[in-house]
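Take the sequence shown: its letter number 80 is residue 303 in this note's numbering, and every next letter is one higher.
Note sheet for the following structure.
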Amino acid sequence: MKPIDFPQSTKVLQKPGTMTDEECASLHVWSDGKQCVSKWHLSIWERIKVLFGQDIWLGVMSGKTQPPVFLAAERVFEEPSLKERFKSWCYDTWENIKCMYGSIKSMWHEPDKLKHFIAGFVISFIVGIFNPIAGFLVGCVAAFTKEWWDSKGHGTVELYDIIFTELGALAACPFTIIIHNLIF
């Protein structure tokens, strides 16, 4: 059986980073905050086996206990209303923002991240004196260019390096706007 996407899915559960693609894949689910429902496709051979009495086994990757689970051969939910889907999206987005904020907060004192922040600030500040919007954009392009360079074997590629460089570029914006308006 293979998990498949379906129109009612509201989010994707990512596979654990410690597992290979052969062991696990990302899983599209419908979720209302209380339960997650996924859709699985049986191959022709699996359908024939089930038709002739083959059992279906359920495995949960948890060694100590098993949460309540179920299998069904019919749709087990009504499509959520637009309001419920929007509410679920808002909740997921808020949780992701909190998680990212926590990660950024915990990395703030790492020397490498501080260098990225300073580099973004300096690049944005120098260019931004002449044009604040261009300064911010050049700082952002510099962040991606540096990670592209790292991807060619010159360093380690990290998403948070881009984020810290862009935060530095953003932090320079108020200063560049003030100085630009004073000079020009």
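C-beta: ideal position from N, C-alpha, C; glycine also.
These numbers come from a predicted model, not from an experiment.
So residue i packs on residue j, CB below 8 Å; how close in whole Å?
i: T379; j: A365; result: So it is not a contact: roughly 17 Å between Cβ atoms.
i: I352; j: H403; result: 6 Å
i: G391; j: G358; result: Incorrect: roughly 11 Å between the Cβ atoms, too far for contact.
List the DSSP bridge partners of residue i.
i: P226; result: W263
i: H251; result: V235
Return the CA-CA distance between residue i and residue j, expressed in angstroms with no decimal places.
i: E301; j: Y383; result: 39 Å
i: I409; j: L360; result: Nothing about residue 409 can be reported from this structure: the residues present for the chain run from 224 to 407 only.
i: T243; j: F309; result: 33 Å
i: I385; j: F367; result: 6 Å
i: D228; j: S261; result: 8 Å
Considering only the alpha carbon of each residue, which of the options lies closest to residue i?
i: E269; options: I279, K369, K306; result: I279
i: T316; options: K234, T399, L405; result: K234
i: L393; options: A342, S374, E381; result: A342
Buried or exposed, going by whether 16 or more other CB atoms sit within 10 Å of the CB of residue i?
i: T399; result: buried
i: P355; result: buried
i: H339; result: buried
i: K336; result: buried
i: A295; result: exposed
i: W253; result: buried
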